[in-house]
Each structure stands twice: as C-alpha cells, then as structure tokens.
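**Student:**
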Amino acid sequence: MNNTNDDRGPSRRHLLGAAVAGVAAAPVMTQQASAQPQTRSMPDGQSNLTLSVNGRDHHLMLDTRTTLLDALREHLHLTGSKKGCDHGQCGACTVHMDGKRVLSCLTLAVAAEGVAIRTIEGLAGPDGTLHPMQQAFIEHDGFQCGYCTPGQIMSAVACVKEGHAESDAEIREYMSGNLCRCAAYPKIVLAIKQARDQTKALG
Amino acid sequence: MRSFSYERASDVAEASRAGRETGQGQGDAAAQYLAGGTTLIDLMKLDVLRPERVIDITPLRARYSDIQAGPDGLRLGALATMSAAADHSVVLRDYPVLAESLQLAASAQLRNMATLGGNVLQRTRCTYYRDPSWAACNKRTPGSGCAAIKGFNRNHAVLGVDDSCIAQYPGDFAVALVALDAQAELSGPHGQRIVSVESLHRPPNGAPQLENTLAPGELITAYRVPAGAWTRRSLYLKIRDRESYEFAIASAAVALAMDGDVVREARIGLGGMAYRPWRAREAETLLVGKPLTEGAAEQAARAALTGAVTHGDNDYKPELGRRTIVRALMQAKAMEV
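Those sequence lines, one after another, are chains A and B.
The numbering of the first sequence is this note's numbering, which starts it at 27 and goes up by one.
The numbering of the second sequence is this note's numbering, which starts it at 3 and goes up by one.
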C-alpha cells in the first residue's frame, strides 16, 4: 500500500483545488546532488520517494517498478494522464518534466525524483481559467472521444513552446507522437494554431 | 515486469563499477544501465529484458551532455538528448545528415527522453525478439533458433545477416554517425578508449545475443564526428510505412564533397535494411572521381546491395534500398551549400 501525505479526493475539482493551493506553499525543489551513489530501492522491492507534481511535493512508498504514469493515476489519483499503449507508442500519457514533454509510461517514478512534473491537472490558472490550449481544443472540437486529449494538449503546449508549431506541416510532424484514433487531427492542428497565436500575442 | 533494485550512479567511475556485470548488449545481463529508458523500460515490461539491477546514469547528464563544435569537428556528449542534438544550430547547419537522422526518428516526446548513447545501442524491433511467447529467438534465448527466417519478416534485414539472426538495426542516428566516420569515447573499469562507432555493433556471427563490443561496465561518454568537406552536403533520406513516427524500411545517410559535377568524396550509410549500422564503402569508391549522374548513382546502389539475402516478405528491400540510395545521392548533389 502506498502512504501519501496528499489530500486525496475523488473529484477532479477537488484535486485541481488542492493542486492550486499547493502552488503557494510548495518549497522550491532542488536536485539532489549526492556525492555517493545510492541504492534507492529497498530489499522488499519498495522505494520511498518524493514527486514534485504541479508545484506540490508528494511523499510516496511505491513498488520500485511503478511507472510515473501509474504513480500519477493510481497513487496520486491524477487520472488526467491516460494509459493508452503503456509502451511509448501513443502519447496519451504525455506530461512535462522540467518543462519538456515526455512519456510517463516509460519513466520510472523513482527516476522522476527531483524533477518538476506538470500534468494536465496543473495547466489551468489558479482561478480555474483554462490554458489557451485547453480553450482552443474546446473551441475547435479538437477531439471526439477525448481519451488522447490530455496527452495531445500537454504535447501541444510544449510544441508551441519549442517553436515547432510554425506551419501546419511542422505541427503535424512534431505532434506525430500523439495518436488520435478518432482522427481529430485537422481540428487539433487548428486548435494549436489558435493557441500559438494567442500565446505569441501575450508575449 | 520483474523486481529489480534501483541504483543511481553519481559519476562515470561509479557507474562503471556498478555495471561491471552489465555486459551491455547482452540481454541476459543481470545489470542494465538506465538513461532515457525508452528501450529498457519498454523491454522490461515485455519481459524481454529481466535485469536484477537497474543503474540509473541520468546524474551523468551534468557532465556528459555538452555539444561542442570546432574546426576539427563535433563532440556530442552521450547523455545529450536526441532533441538537444537535433536542434543544435551547428549540427543543423554543418551536419544536416545528423540533424535529420534525429529529427526523423521517434516522436518529440521520445527524443526529449532518449540519449545519444542509448539511441545508438537501441534494440531491434524484431517482433519475435520482442515477444517472449515465441520460443525461437537466438538473440533473446541463445541457441533457440530464429522464428523470423521462416516467419513474418517484412521489415527484417537483408544485409549482414546470417542463419542465426535476421533482425534489423532500427536506428537512424548511428547510420549517420557511421557514414561520417564518427568515433565513440568509452569509459570503463579499465580506463578510457576511443573506437569507431562502426565497430560498436557486432555482426551476428552465430551469436546474436552479443550485440555490441562494449566491455562490461563500459559506457559511451561522447561521440566525435570529424569535420570534412562532405558534411554540409549531407542528408538522411528515410523511407517508411507512414510519413512520421515510424522506423525505416530503407534509409540512406549520404554525404558528398563535389567539385562541380564530379564527386571528390562520398560517404554512404544504410539503415532499415541491415543487421547493424551499415557502411556502403564499395558504392562510395565507385562514385569518387566521376560525374554524379543517375547512371553512376544506380551503379553505386547496385554495388551497395550486392550480397543482400532475402527471406520472402522482405524480397522488396534490395530494390527499395537501391532506389533510396539513388534518390539520396541525387538530392545531395542538388543541395545548395
């Protein structure tokens, strides 16, 4: 069983609130610079670790095999990040680590210590205002079933930030790691262009 | 996934000590290095790799992720991510074949995770290797046979194979490195050494479970890519089943030094059709000193695929490979540098 100091609640609304409240109180995480190498897991296969998610630290006791995706979904109950293929092929589990988009299903939770993790739950503003990318996906119907959408949005936010959203072709190329089996791709491209322009206008 | 102990190495000496039993490249090794994890975690989930110890070397990033460019060439830290190298301004301008081989590989997320060291050492995508429910795989279980030779082998290798294994090397970046005569800086329990990237991957030789020539506990710390008149006129042409986010079914890394229409130097690496990152030296020799016409390119391409061995589903590969080489050469010729 996991032990966590997290306020655990079943609803997305509650979690958003908790995450937001954590922003002000969270200490700045610094990379652990250990002079000696360490065996981080315990003989019983468990690992004690701290994850910094959406500006808040979470202390967890996890099976060392736990991926970051499972830690987020099953232990922190942040179920926005989705499990599609679980093998790094679909992009549904995309989160940001130190601002870069990565696949949480191919990341061990124990290896994600000391890194600032941002999930879809941490994207909206403190007052609940949606991120321009979230709003754009809604306005352009950038989804049908919605299962891939959190991964699409996290990937899209990073894509714009990287400067890889300058043309339709570039958006398609740099978003190719996020599969949408409903094939909402044309609307996803439209949404990304809108959010890109809004982000640029905001400077 | 089976249980393992997780360790974090703080420097390369410690990583080497801890990894002495890795045998890096030997799937049954008890200890495996973890960097980006995009191969290792995937194959551990599939129960193909079963390490007892996982040694996380990401703390080495602080020291081994620099990308330096100088008059002698490039030095790429092995812990640099694929995306960092692909977006580097000098790599983009002076070594387009390297930048393209990285840009056209995997997805943006995977490129943010995967390191240059791990990328070169990535495992084959052979479906029989990746699925332990198939008993016969000499690479996974030495001596068990090869299910691919008489099985579904549409994207299996046609160059450098033998009766023990026809698995294809899936990567792109190593193909470009091999074309450019890159070297790898290694650090291990017995010190440091420099080897050609081409010598890192072993031929199958009846023992495909031995994938590379690294000694136990040895790590790639950097690549050196020598400067040359050919690096600017270079490109990576990747042919695949879909336009993005897919492994090659044929690819060519081409670099040319031209004097007008005449080829002064030629470098050709082949991917998507060989057991290991492949250098087409005979084809290069045929091109040098002659005008680069379509006929000359076809002659070189024929030489490159001489000796190809096919197994049914992959009968198409030699012809696709030849056409890929010709197109890459003609595109490189047309580049404005």
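The beta-carbon is built from N, C-alpha and C at its ideal position, and this holds for glycine as well.
Keep in mind that this is a model prediction, so the values were computed, not measured.
Can you tell me where the beta strand (DSSP E) holding residue 198 (chain B) begins and where it ends?
**Tutor:** Position 196 of the second sequence holds residue 198 (chain B). Element bounds for residue 198 (chain B): 193 to 198.
**Student:** Let me know the secondary structure DSSP gives residue 84 (chain A) once reduced to three states.
**Tutor:** As a position in the first sequence, residue 84 (chain A) is number 58, starting the count at 1. Three-state DSSP puts residue 84 (chain A) in a strand.
**Student:** Go to residue 66 (chain B), then tell me how far its alpha helix (DSSP H) extends in each direction, as first and last residue.
**Tutor:** For the purposes of this step, residue 66 (chain B) is taken as residue 64 along the second sequence, with counting starting at 1. Where residue 66 (chain B) is concerned, the enclosing alpha helix (DSSP H) stretches over 63 to 66.
**Student:** Does residue 208 (chain A) have its Cβ less than 8 Å from a Cβ in chain B?
**Tutor:** Residue numbering aside, residue 208 (chain A) sits at position 182 when the first sequence is read from its first letter. It does not: the Cβ of residue 208 (chain A) has no partner Cβ on chain B nearer than 8 Å.
**Student:** Compute the Euclidean distance between the alpha carbons of residue 49 (chain A) and residue 85 (chain B), then round it to the nearest angstrom.
**Tutor:** Stepping through the first sequence from its first residue, residue 49 (chain A) is reached at position 23. Stepping through the second sequence from its first residue, residue 85 (chain B) is reached at position 83. At residue 49 (chain A) the pLDDT is 37, less than 50, meaning the model places this residue with poor confidence; the figure from the coordinates comes in the next sentence. If I take the Cα positions, the gap works out to 30 Å.
**Student:** Does the CB of residue 132 (chain A) have a neighbour CB from chain B at under 8 Å?
**Tutor:** Position 106 of the first sequence holds residue 132 (chain A). For residue 132 (chain A), the answer is yes, since a Cβ of chain B falls inside 8 Å of its Cβ.
**Student:** Run the CB neighbour count on residue 164 (chain A), radius 10 Å, all protein chains shown included, and call it buried at 16 or more, exposed below.
**Tutor:** As a first step, residue 164 (chain A) must be located in the first sequence, where it is residue number 138. Classification for residue 164 (chain A): exposed.
**Student:** Can you tell me where the beta strand (DSSP E) with residue 74 (chain A) in it begins and where it stops?
**Tutor:** Residue mapping note: residue 74 (chain A) aligns to position 48 of the first sequence, counting from 1. Looking at the DSSP string, the run of the beta strand (DSSP E) that includes residue 74 (chain A) is 72 to 79.
**Student:** Let me know the secondary structure DSSP gives residue 316 (chain B) once reduced to three states.
**Tutor:** Counted from its first residue, the second sequence places residue 316 (chain B) at position 314. Residue 316 (chain B) falls in the coil class under three-state DSSP.
**Student:** Which residues, in chain order, does the stretch 109 to 132 of chain B contribute to contact with chain A at a C-beta distance below 7 Å?
**Tutor:** Cβ contacts with chain A come from 109, 110, 111, 112, 114, 115.
**Student:** Whose Cβ in chain B lies nearer than 7 Å to the Cβ of residue 194 (chain A)?
**Tutor:** What you label residue 194 (chain A) is simply residue 168 of the first sequence in a count that begins at 1. Near residue 194 (chain A) there are no residues of chain B at all, since even the closest Cβ is about 13 Å away, more than 7 Å.
**Student:** Using a Cβ cut-off of 7 Å, pull out every chain A residue sitting near residue 3 (chain B), in sequence order please.
**Tutor:** Taking the second sequence and counting its residues from 1, one reaches residue 3 (chain B) at position 1. Near residue 3 (chain B) (Cβ distances below 7 Å), the residues of chain A are 91.
**Student:** Among residues of its own chain, excluding the 5 on either side of residue 51 (chain B), which ones have a beta-carbon nearer than 7 Å to its beta-carbon?
**Tutor:** Taking the second sequence and counting its residues from 1, the one referred to as residue 51 (chain B) is at position 49. So the qualifying residues of the chain are 29, 34, 42, 45.
**Student:** Who are the Cβ neighbours of residue 204 (chain A) in its own chain at under 7 Å, not counting the five residues just before and after it?
**Tutor:** Your numbering for residue 204 (chain A) matches position 178 in the first sequence. Closer than 7 Å at Cβ, skipping near neighbours: 117, 120, 174, 177, 178, 181.
**Student:** Could you spell out where the beta strand (DSSP E) holding residue 192 (chain A) opens and where it closes?
**Tutor:** Locating residue 192 (chain A) in the first sequence gives position 166, counting from the first residue. Counting along the chain, residue 192 (chain A) falls outside any beta strand (DSSP E), and DSSP gives it neither H nor E.
**Student:** Which residues mark the beginning and the end of the alpha helix (DSSP H) in which residue 172 (chain A) is found?
**Tutor:** To locate residue 172 (chain A), count along the first sequence from 1; it is residue 146. Element bounds for residue 172 (chain A): n/a, residue is neither H nor E.
**Student:** Where does residue 9 (chain B) land, buried or exposed, given buried means 16+ other C-beta within 10 angstroms?
**Tutor:** Counting from 1 along the second sequence, the entry for residue 9 (chain B) is found at position 7. Flag for residue 9 (chain B) reads buried.
**Student:** With DSSP run on the structure shown, which of helix, strand or coil describes residue 123 (chain A)?
**Tutor:** Here residue 123 (chain A) refers to the residue found at position 97 of the first sequence. It is a strand residue.
**Student:** Any idea if residue 192 (chain B) is buried or exposed, counting beta-carbon neighbours within 10 angstroms, 16 or more meaning buried?
**Tutor:** Within the second sequence, the letter at position 190 stands for residue 192 (chain B). Counting Cβ neighbours within 10 Å, residue 192 (chain B) comes out exposed, since fewer than 16 surround it.
**Student:** Using beta-carbon positions only, say whether residue 210 (chain B) and residue 166 (chain B) come within less than 8 Å of one another.
**Tutor:** Position 208 of the second sequence, counted from the first residue, corresponds to residue 210 (chain B). Position 164 of the second sequence, counted from the first residue, corresponds to residue 166 (chain B). Yes, the pair counts as a contact, with Cβ atoms nearer than the cut-off.
**Student:** Report, in whole angstroms, the separation of the C-beta atoms of residue 106 (chain B) and residue 87 (chain B), which I expect to be a contact under 8 Å.
**Tutor:** Counted from its first residue, the second sequence places residue 106 (chain B) at position 104. Counted from its first residue, the second sequence places residue 87 (chain B) at position 85. About 13 Å separates the two Cβ atoms, so there is no contact after all.
**Student:** With 8 Å set as the bound, which would you pick, yes or no: does the beta-carbon of residue 154 (chain B) sit closer than that to a beta-carbon of chain A?
**Tutor:** Residue numbering aside, residue 154 (chain B) sits at position 152 when the second sequence is read from its first letter. Chain A, which has no Cβ nearer than 8 Å to the Cβ of residue 154 (chain B), makes this no.
**Student:** By DSSP, does residue 164 (chain A) sit in helix, in strand, or in coil?
**Tutor:** Counted from its first residue, the first sequence places residue 164 (chain A) at position 138. The answer is helix: DSSP assigns residue 164 (chain A) an H, G or I state.
**Student:** Which one or two residues does DSSP pair with residue 260 (chain B) in a beta bridge?
**Tutor:** Translated into the one-based positions of the second sequence, residue 260 (chain B) becomes position 258. Residue 260 (chain B) pairs with B:265.
**Student:** Quick check: the stretch 129 to 137 of chain A against the stretch 91 to 102 of chain A, are there 3 or more CB pairs under 8 Å?
**Tutor:** Result yes; three or more Cβ-Cβ pairs closer than 8 Å.
**Student:** Who are the near neighbours of residue 319 (chain B) in its chain, counting only those whose CB is closer than 6 Å to its CB and skipping five residues on each side?
**Tutor:** Taking the second sequence and counting its residues from 1, one reaches residue 319 (chain B) at position 317. Answer for residue 319 (chain B): 160, 275, listed in chain order.
**Student:** Cutting at 6 Å between CB atoms, please list the residues of its own chain near residue 59 (chain A), excluding the five before and the five after it.
**Tutor:** For the purposes of this step, residue 59 (chain A) is taken as the residue at position 33 of the first sequence. Below a pLDDT of 50, predicted positions are generally treated as unreliable, and residue 59 (chain A), at 38, falls in that range; no measurement from the model is reported.
**Student:** Please decide whether residue 211 (chain A) counts as near chain B, where near means a Cβ-Cβ distance under 8 Å.
**Tutor:** For the purposes of this step, residue 211 (chain A) is identified with residue 185 of the first sequence, where counting begins at 1. Output row for residue 211 (chain A): interface = no.
**Student:** Smallest Cα separation from residue 184 (chain A): which of A:160, A:86, A:207?
**Tutor:** Position 158 of the first sequence, counted from the start, is the residue given in the question as residue 184 (chain A). The option with the nearest alpha carbon to residue 184 (chain A) is A:160.
**Student:** Relative to the C-alpha of residue 4 (chain B), which candidate in B:32, B:245, B:77, B:11 has its C-alpha closest?
**Tutor:** Along the second sequence, read from residue 1 onward, the residue named residue 4 (chain B) stands at position 2. Here the closest residue by C-alpha is B:32.
**Student:** Please tell me whether residue 225 (chain A) has its Cβ less than 8 Å away from any Cβ of chain B.
**Tutor:** As a working mapping, residue 225 (chain A) is identified with position 199 in the first sequence. No - not a single Cβ of chain B is within 8 Å of the one on residue 225 (chain A).
**Student:** Give the straight-line distance between the Cα atoms of residue 290 (chain B) and residue 324 (chain B), rounded to the nearest whole angstrom.
**Tutor:** For the purposes of this step, residue 290 (chain B) is taken as residue 288 along the second sequence, with counting starting at 1. For the purposes of this step, residue 324 (chain B) is taken as residue 322 along the second sequence, with counting starting at 1. Going by the C-alpha atoms only, they are around 18 Å apart.
**Student:** How would you label residue 32 (chain A), buried or exposed, when you count the other beta carbons within 10 angstroms and need 16 or more for buried?
**Tutor:** On the first sequence, residue 32 (chain A) is found 6 positions in, with the first residue counted as 1. A caution first: residue 32 (chain A) carries a pLDDT of 41, below 50, which makes its placement in the model too unreliable to give a value.
**Student:** Tell me whether residue 209 (chain A) sits in a helix, a strand or coil according to DSSP, three-state version.
**Tutor:** Within the first sequence, the letter at position 183 stands for residue 209 (chain A). Correct three-state label for residue 209 (chain A): coil.
**Student:** From residue 18 (chain B) to residue 215 (chain B), what does the alpha carbon distance come to, in whole angstroms?
**Tutor:** Residue mapping note: residue 18 (chain B) aligns to position 16 of the second sequence, counting from 1. Residue mapping note: residue 215 (chain B) aligns to position 213 of the second sequence, counting from 1. About 15 Å.
**Student:** Confirm, please, whether the CB-CB distance from residue 142 (chain B) to residue 134 (chain B) is below 8 Å.
**Tutor:** Along the second sequence, read from residue 1 onward, the residue named residue 134 (chain B) stands at position 132. Along the second sequence, read from residue 1 onward, the residue named residue 142 (chain B) stands at position 140. Going by C-beta atoms, residue 134 (chain B) is nearer than 8 Å to residue 142 (chain B).
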